[in-house]
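Read the structure below first, then the notes.
2 protein chains.
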Amino acid sequence: MVENRLDVLFNPKSIAVIGASNTLMKWGFLVFHNIIRGGYKGRLYPINPKEKDVFGIKAYPDIKSVGKRLDMAVVILPAPKVPQTLKECAEAGVKTAIIIAGGFGETGEEGKNLEGEMLQIAKNSGMRLVGPNTMGMYSSTANLSLLMPPIPLRPGNIAFLSESGNLGTTMMQSAIVNGLGFSRYVSVGNQADLKIYEFMEYFIEDKTTDAVLIYGEGLEEGREFLNISKRLTQKKPVVVYKSGKTEAGKKAAASHVGAMVGSDRLYDSAFRQSGVIRADHSFEMVDIVSVLSRQPLPKGRRIGILTYGGGWGVIASDFCGMYNLRVPQLSDEIIREMDKFMPPHWSKGNPVDTVGTLDISIFRKAVETILECDEIDGLLVLGIGGYSFFIHYYRSFSLLTNYQLSQMKNLLCDTEAQIAKDLIGFIDKYNKPIVVTSIADVVMSEAARILEDNGIVNIPSPERAAKAMASLVYYGEYLRNVKRKKKK
Amino acid sequence: MVENRLDVLFNPKSIAVIGASNTLMKWGFLVFHNIIRGGYKGRLYPINPKEKDVFGIKAYPDIKSVGKRLDMAVVILPAPKVPQTLKECAEAGVKTAIIIAGGFGETGEEGKNLEGEMLQIAKNSGMRLVGPNTMGMYSSTANLSLLMPPIPLRPGNIAFLSESGNLGTTMMQSAIVNGLGFSRYVSVGNQADLKIYEFMEYFIEDKTTDAVLIYGEGLEEGREFLNISKRLTQKKPVVVYKSGKTEAGKKAAASHVGAMVGSDRLYDSAFRQSGVIRADHSFEMVDIVSVLSRQPLPKGRRIGILTYGGGWGVIASDFCGMYNLRVPQLSDEIIREMDKFMPPHWSKGNPVDTVGTLDISIFRKAVETILECDEIDGLLVLGIGGYSFFIHYYRSFSLLTNYQLSQMKNLLCDTEAQIAKDLIGFIDKYNKPIVVTSIADVVMSEAARILEDNGIVNIPSPERAAKAMASLVYYGEYLRNVKRKKKK
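Protein chains in written order, with the numbering used here: chain A, 1 to 488; chain Z, 1 to 488.
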């Protein structure tokens, strides 16, 4: 009945925070605050024998004295105190517990015994556990930010499981800056009880989740992972960043979450077999899941590249080649079509290079011409959102009049913003993916903001954009292969 | 006499801007403005028969009517007009000319002829050319920002040559945000006359330059490149990002700068032979040159990793392994030393994991203990600067008092800032490199600012930090090998 228990985990109506504290900078202080700050709407019960209340909410000396059957308990106490506390939770009928403390299986024999003791208590009572050695969890459907560091998450359609709490929260921070949102997040810790594959199984039918992101070190239950991945990827894309590739990495993983890491080649082949997309760099994870959670899948490997800078086009082509995508020459018909509006010395080929023209409105026509034709399955757009910084620079330049500045804003920023809006429409109209790289500091760019508000993340380099596009291609091919096999 | 002519190029006392314009959003308008905005102190002569003055500076109908021998002319006119204009420049005794327009060798036979004609004029007169198809140049010693896009460069010790103008300016934008400065920048364009290797030769003795960064597509003069690289790398580190690795990339490079790209394996072996460090990703270029231009070279391959998050330590170890660095276990003696101040469940090994303690002052002690011992040649510090965002989040949280906020700021931000200052001292004291990754949004972090102001760039991921450290190791080994061979 993992589904039911995970329903409770992601939608708890009541939570006891054991170790909640008024003392600044204790984790019991921070976690409690993050829950409140995140807008959790259920009932909260701080448990602390030394406090009358925690931040104005009535505190209880122990869980028994709450006198109710609670959906969840978070235990923010040092490892040696955890088993006894869990026993009390089990007796009080708590359904799920989250164990923050480290100092268990990852530290050696003594810690392993403590972890075993804890697990036995849970097994006997039917209570399910997250952790130990976890940094918490998030659930959009409960407004629940049960996290150690303060991360202002926004709801979205991506579920994220991480064997490293720090990596998880940093990745989410980076994702939020880029406009991405999450449905669920679990820092799975040592996985004494609840395992990554159990959460994955839950996500198969989870309506708020459209894509799954995983950071793994051990992924020790290989068979279960493989089987559930195969079922999950048929419905939703799964992106995995798996570390522990080298001996140095494996050694570090063992001391981190006590993981026994197997051969990387075996993992790689398991991912391939089950249609899991593998990221090769931490930040790539976010790029890839962002496109897979939002963009249509390309019908083939033929990629168009539109760029305002020749070098970026070369690099994007290079990496498309590395990922076995094709960058086909355009037909004479399309070249003639584009000759009508492109600047005289444009590249007359793919990459389509606008060779530094400042009439950026041609970007719109170029995008539509490429998407309309049936020679291209997906488009990399390198440059949109990259002109807005001109204004910031010239604004502080006293020689320019306000009229000139407003003209410049109109020609650059407003045009870019309009193109951004058009791009969003084109994705739906032509049912082809557009992966966007601004290649410039886009913090202030309205175009970038419009794209983000519509789920189109600016991917900061053409190399990473090519990888994101390749991921769309691979996942599309995997699904078509699965379908073909089923027909037979 | 390439040196003399390049002295003039990087320190021109007078510049004619041919095509300078008052018309908003023409390149002749933007380049002229960028020169003024950049603070160029020499004499400027806008040349435009249709204008009396350009932005208040007296304009001339042609270069002859200036009536002086000028150090430099920038030609911002369409390709067909360039040869005649250059002839006039030659007759007026201009020493160096920069040709902005594209539409030459990269576009086919006709353009190639135009380029040949241009080159002949230069050869006959002894005038040297940058371009055509260049986006301009920068020189710190002349306060000269002769660039198409507006980039507010700051002076520094890195010289940068780029076969792509857009890539060049974007990389510099990204570098500036991270506090890096440049001594020289040249968008070399089609290299009709002045070649990358000639600039490299100049940098050997250039006192304002400590490191050289190159983006190459063709690098067609292989023998010259190899010979000059060998001389240059003995004095200064050279970092190259070379595209055109795959067939798709080579095709794109041909249409971009007309480059004939050879076998990537040959380039790779040439780089190795000559001690050139190769970057594999555009943004890596900046990481690598930033550490090579600032940090001491490690004496060996033994890398220490200090992290506040276990997962980051695993990933850093993984990538150290991939780059053939060692992540050695620490001796019992050092472990015992660290037991005195580390939290109870710390990793007791390398990576040194502070397992989520909020007493971040221990970072300082850990860094010094690791650097002091002779078991480690270089240190990756993952996490400094990553706690400041706590404050931004809680500041808008009304439940916290100002006193609590100031306490939190003191415990996190101020401690981090102090550690940042200490780190800078440690690099000199122990003469070992420290590569820093904040792994968090550091825009607002004082610690990150202190590091940047002292030339220590925050490298945004542990994967990239490992690569930067590996580059320091490789360059150190290359120099030691060269020395050894010389002794024999």
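Even glycine gets a Cβ: it sits at the ideal position worked out from N, Cα and C.
For Glu198 (chain Z), tell me which candidate among Z:Glu51, Z:Ile376, Z:Gly108 and Z:Arg128 has the shortest Cα-Cα distance.
Taking the first residue of the second sequence as 1, we reach residue 198 (chain Z) at position 198. Of the candidates Z:Glu51, Z:Ile376, Z:Gly108 and Z:Arg128, the one whose C-alpha sits nearest the C-alpha of Glu198 (chain Z) is Z:Arg128.
Report the rounded CA-to-CA distance for Tyr308 (chain A) versus Asn166 (chain Z), giving the unit in angstroms.
Translated into the one-based positions of the first sequence, residue 308 (chain A) becomes position 308. Translated into the one-based positions of the second sequence, residue 166 (chain Z) becomes position 166. Roughly 8 Å between the two C-alpha positions.
Roughly how many angstroms separate the alpha carbons of Ala90 (chain A) and Ile18 (chain A), rounded to a whole number?
Residue numbering aside, residue 90 (chain A) sits at position 90 when the first sequence is read from its first letter. Residue numbering aside, residue 18 (chain A) sits at position 18 when the first sequence is read from its first letter. Spanning the two alpha carbons is a distance of roughly 14 Å.
For Met1 (chain Z), which three-state DSSP category applies?
As a working mapping, residue 1 (chain Z) is identified with position 1 in the second sequence. Reliability of the predicted coordinates at Met1 (chain Z) is poor, the pLDDT of 47 falling under 50, and no value is obtained from them.
7 Å is my cut-off, CB to CB: does Glu217 (chain Z) come that close to chain A?
Taking the first residue of the second sequence as 1, we reach residue 217 (chain Z) at position 217. Put simply, the CB of Glu217 (chain Z) is near chain A, with a gap under 7 Å to one of its CB atoms.
Can you tell me the Cα-Cα spacing of Phe271 (chain Z) and Glu463 (chain Z), whole angstroms?
As a first step, residue 271 (chain Z) must be located in the second sequence, where it is residue number 271. As a first step, residue 463 (chain Z) must be located in the second sequence, where it is residue number 463. The alpha-carbon atoms of Phe271 (chain Z) and Glu463 (chain Z) are separated by roughly 22 Å.
Return the residue from the list Z:Glu452, Z:Ile176 and Z:Leu451 that minimises the CA-CA distance to Ile151 (chain Z).
As a working note, residue 151 (chain Z) is residue 151 in the second sequence. Cα-wise, what sits closest to Ile151 (chain Z) is Z:Ile176.
Could you say which of Z:Asn157, Z:Leu144, Z:Leu232 and Z:Lys81 lies nearest to Pro132 (chain Z) if we only look at CA atoms?
Within the second sequence, the letter at position 132 stands for residue 132 (chain Z). The shortest Cα separation from Pro132 (chain Z) among Z:Asn157, Z:Leu144, Z:Leu232 and Z:Lys81 belongs to Z:Lys81.
Step through the CB atoms of chain Z and report whether any lies within less than 7 Å of the CB of Phe182 (chain A).
For the purposes of this step, residue 182 (chain A) is taken as residue 182 along the first sequence, with counting starting at 1. Not one chain Z Cβ lies under 7 Å of Phe182 (chain A).
For a cutoff of 7 Å on Cβ pairs, would you count Val352 (chain Z) as touching chain A?
Locating residue 352 (chain Z) in the second sequence gives position 352, counting from the first residue. Chain A, which has no Cβ nearer than 7 Å to the Cβ of Val352 (chain Z), makes this no.
Report all residues from its chain with a CB closer than 6 Å to the CB of Phe390 (chain Z); omit the five preceding and five following residues, and keep chain order.
In the second sequence, counting from the first residue as 1, residue 390 (chain Z) sits at position 390. Here the set comprises Leu412.
Which class does Val177 (chain A) belong to by DSSP, given the choice of helix, strand or coil?
By one-based count along the first sequence, residue 177 (chain A) stands at place 177. Helix, per DSSP.
Can you say whether Thr23 (chain A) is buried or exposed, counting buried as having 16 or more other CB atoms within 10 angstroms of its CB?
As a working mapping, residue 23 (chain A) is identified with position 23 in the first sequence. The residue in question, Thr23 (chain A), is exposed, as its Cβ has fewer than 16 Cβ neighbours within 10 Å.
Between A:Ile35, A:Gly105, A:Met171 and A:Trp27, which has its C-alpha nearest Ser438 (chain Z)'s C-alpha?
Within the second sequence, numbered from 1, the residue matching residue 438 (chain Z) stands at position 438. Taking only the C-alpha atoms, the option nearest Ser438 (chain Z) is A:Met171.
Based on DSSP bridge pairs, tell me the residues matched to Ser162 (chain A).
Start at 1 with the first residue of the first sequence, and residue 162 (chain A) comes out as number 162. Partner(s): A:Ser187 and A:Tyr215.
Confirm the yes/no value for this check: CB of Val212 (chain Z), any heavy atom of the ligand NAP, distance under 6 Å.
Although the ligand NAP was asked about, the structure shown includes no ligands whatsoever.
Backbone secondary structure at Ile15 (chain Z) - three-state DSSP:
Counting from one through the second sequence, the residue named residue 15 (chain Z) turns up at place 15. If DSSP states are grouped into helix, strand and coil, Ile15 (chain Z) belongs with the strands.
Nearest candidate by alpha-carbon position, reference Phe494 (chain Z), set Z:Gly189, Z:Glu217 and Z:Tyr185
The first residue shown for chain Z is 1 and the last is 488, placing residue 494 (chain Z) beyond what the model contains.
Can you tell me which of the three DSSP states Met489 (chain Z) falls into?
This structure cannot speak to residue 489 (chain Z), because chain Z is shown only from 1 to 488.
Taking 7 Å as the cut-off, decide whether the C-beta atoms of Lys299 (chain A) and Tyr267 (chain A) are in contact.
For the purposes of this step, residue 299 (chain A) is taken as residue 299 along the first sequence, with counting starting at 1. For the purposes of this step, residue 267 (chain A) is taken as residue 267 along the first sequence, with counting starting at 1. Going by C-beta atoms, Lys299 (chain A) is not nearer than 7 Å to Tyr267 (chain A).
If you draw a straight line from the C-alpha of Met1 (chain Z) to the C-alpha of Val94 (chain Z), how long is it?
The count along the second sequence starts at 1 and reaches residue 1 (chain Z) at position 1. The count along the second sequence starts at 1 and reaches residue 94 (chain Z) at position 94. Caution is warranted here: a pLDDT of 47 is assigned to Met1 (chain Z), below 50, making its placement in the model unreliable, and no coordinate value can be reported.
Would you say Phe363 (chain Z) lies against chain A (beta-carbon separation less than 7 Å)?
The residue labelled residue 363 (chain Z) in the question sits at position 363 within the second sequence. With 7 Å as the cut-off, Phe363 (chain Z) does not count as an interface residue toward chain A.
Host alpha helix (DSSP H) of Ala553 (chain A) (start-end):
Because chain A is modelled from 1 through 488, residue 553 (chain A) falls outside the range shown and cannot be assessed.
Which parts of the stretch 124 to 165 of chain A are runs of the beta strand (DSSP E), unbroken and 3 residues or longer, counting only runs that do not cross its ends?
128 to 130, 136 to 139, 144 to 147 and 155 to 162
For Val37 (chain Z), go through chain A and note every residue whose CB falls closer than 7 Å to its CB, in chain order.
Translated into positions along the second sequence, residue 37 (chain Z) becomes position 37. Note that residue 37 (chain Z) corresponds to Arg in the displayed sequence, not to Val. Per Cβ cutoff of 7 Å: Phe397.
Given Ala279 (chain Z) as reference, the closest of Z:Lys236, Z:Leu213 and Z:Lys251 once Cα atoms are compared:
Sequence index remark: in the second sequence, residue 279 (chain Z) carries index 279 (1-based). The candidate whose alpha carbon is nearest that of Ala279 (chain Z) is Z:Leu213.
Have a look at Phe363 (chain Z) and Ala448 (chain Z) and give me their C-alpha separation to the nearest angstrom.
Stepping through the second sequence from its first residue, residue 363 (chain Z) is reached at position 363. Stepping through the second sequence from its first residue, residue 448 (chain Z) is reached at position 448. The straight-line gap from Cα to Cα measures roughly 15 Å.
Going by alpha carbons, who is nearest to Arg294 (chain Z) out of Z:Ala316, Z:Glu452, Z:Ile228 and Z:Ser282?
Within the second sequence, the letter at position 294 stands for residue 294 (chain Z). Among Z:Ala316, Z:Glu452, Z:Ile228 and Z:Ser282, the Cα nearest to that of Arg294 (chain Z) is on Z:Glu452.
If you run the structure through DSSP and keep just helix, strand and coil, what is Pro237 (chain A)?
As a working mapping, residue 237 (chain A) is identified with position 237 in the first sequence. In this structure, Pro237 (chain A) counts as coil in the three-state DSSP scheme.
Proximal residues of chain A, C-beta to C-beta of Pro152 (chain Z) below 7 Å
The residue given as residue 152 (chain Z) occupies position 152 in the second sequence. Per Cβ cutoff of 7 Å: Tyr393.
Whole-Å CB distance - Ala316 (chain Z) paired with Leu382 (chain Z), under 8 Å assumed:
The count along the second sequence starts at 1 and reaches residue 316 (chain Z) at position 316. The count along the second sequence starts at 1 and reaches residue 382 (chain Z) at position 382. Contact flag correct, Cβ pair sits at about 6 Å.
Going by Cα to Cα distance, which pick from Z:Tyr45, Z:Tyr60, Z:Leu44 and Z:Arg43 is closest to Glu51 (chain Z)?
In the second sequence, the residue the question calls residue 51 (chain Z) occupies position 51. Per the Cα distances, Z:Tyr60.
Using a Cβ-Cβ cutoff of 8 Å, what residues of the stretch 244 to 276 of chain Z are near chain A? List them in chain order.
Gly244, Lys245, Thr246, Glu247, Ala248, Gly249, Lys251, Ala252, Ala253, Ser255, His256 and Val257
Stretch pair the stretch 334 to 345 of chain Z + the stretch 363 to 373 of chain Z: three plus CB contacts closer than 8 Å
yes
Whole angstroms are fine: how far does the CA of Glu221 (chain Z) sit from the CA of Tyr475 (chain Z)?
If you number the second sequence from 1, residue 475 (chain Z) lands on position 475. If you number the second sequence from 1, residue 221 (chain Z) lands on position 221. One C-alpha to the other measures close to 23 Å.
With distances taken from CA atoms, which of Z:Gly28, Z:Met260 and Z:Ile419 is nearest Glu446 (chain Z)?
Counted from its first residue, the second sequence places residue 446 (chain Z) at position 446. Cα-wise, what sits closest to Glu446 (chain Z) is Z:Ile419.
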